[in-house]
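For reference, the structure is listed below as structure tokens.
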């Protein structure tokens, strides 16, 4: 069930998007740039209010950019399949697995047990744990894994 903020965000985003497309660009701005700004405004409003799930909102350019004549479908979707995106996806999945298995808690408990209650030693313990994990896992995945700690 949607909250009032989400419904308001859904409505405001659609209205702003429509007004920007119908109103035309201001002086000094090309039509292409104005249409791209309309898509960006829609996405920012929907992301900020979580009017739609974030994943759904992030896929809007696949539909809107070709529809508005801002790029061909293959050029738009190519950016979604870049190696960096797969690195982020893989690292996120590793971090999710660590969180689901409660390994992050075990790491935190071990760091606290070794470091005691002194803040400097706790920070050092987290740094050492991160360095050790980085020996076997990518740095991005390590950073995501250590966020809950």
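Residue numbers (the numbering used here): 734 to 882. We put the CB at the ideal spot given by N, CA and C, even for glycine.
Exercise. Mapping DSSP to helix, strand and coil, what is residue 736?
Worked result: Looking at residue 736 - three-state DSSP - the assignment turns out to be coil, as it is neither helix nor strand.
Exercise. Got a sec, what are the start and stop residues for the alpha helix (DSSP H) residue 858 sits in?
Worked result: It spans 852-867 - the alpha helix (DSSP H) in which residue 858 sits, taken as one unbroken run.
For this session: Run the CB neighbour count on residue 864, radius 10 Å, all protein chains shown included, and call it buried at 16 or more, exposed below.
Result: Exposed is the call here.
Exercise. What is the rounded straight-line gap between the Cα of residue 757 and the Cα of residue 796?
Worked result: Residue 796 has its alpha-carbon roughly 21 Å from the corresponding atom of residue 757.
For this session: Work out the CA separation of residue 867 and residue 784 for me, nearest whole Å.
Result: Each residue's Cα considered, the two are about 37 Å apart.
Exercise. For the candidate residues 767, 762 and 778, whose alpha-carbon lies nearest to that of residue 748?
Worked result: The shortest C-alpha separation from residue 748 is found at 778.
Exercise. Around the C-beta of residue 856, are 16 or more other C-beta atoms found within 10 angstroms, so that it is buried, or is it exposed?
Worked result: Only exposed fits residue 856, as fewer than 16 other CB atoms lie within 10 angstroms of its CB.
Exercise. Any idea what DSSP makes of residue 783, helix, strand or coil?
Worked result: Note: residue 783 maps to coil in three-state DSSP.
Exercise. Using DSSP with H/G/I as helix, E/B as strand and the rest coil, what is residue 803?
Worked result: Three-state DSSP puts residue 803 in coil, outside helix and strand.
Exercise. What number of angstroms, rounded off, separates the C-alpha of residue 817 from the C-alpha of residue 829?
Worked result: Their Cα atoms are separated by approximately 18 Å.
Exercise. In three-state DSSP terms, what is residue 880?
Worked result: In the structure shown, residue 880 sits in coil (DSSP, three-state: anything other than H, G, I, E or B).
Problem set entry | Start-to-end residues for the alpha helix (DSSP H) that takes in residue 844 | Run containing residue 844: 836-848, per the alpha helix (DSSP H) assignment.
Problem set entry | Spatially closest choice to residue 768 from 780, 752, 826 and 791, by CA coordinates | For residue 768, the closest C-alpha among the options 780, 752, 826 and 791 is that of 752.
For this session: Please confirm whether residue 798 and residue 809 have their CB atoms less than 8 Å apart.
Result: Cβ atoms of residue 798 and residue 809: closer than 8 Å.
Problem set entry | Selected residue, minimal CA-CA separation from residue 840, among 853, 878, 820 and 813 | Nearest C-alpha to residue 840: 878.
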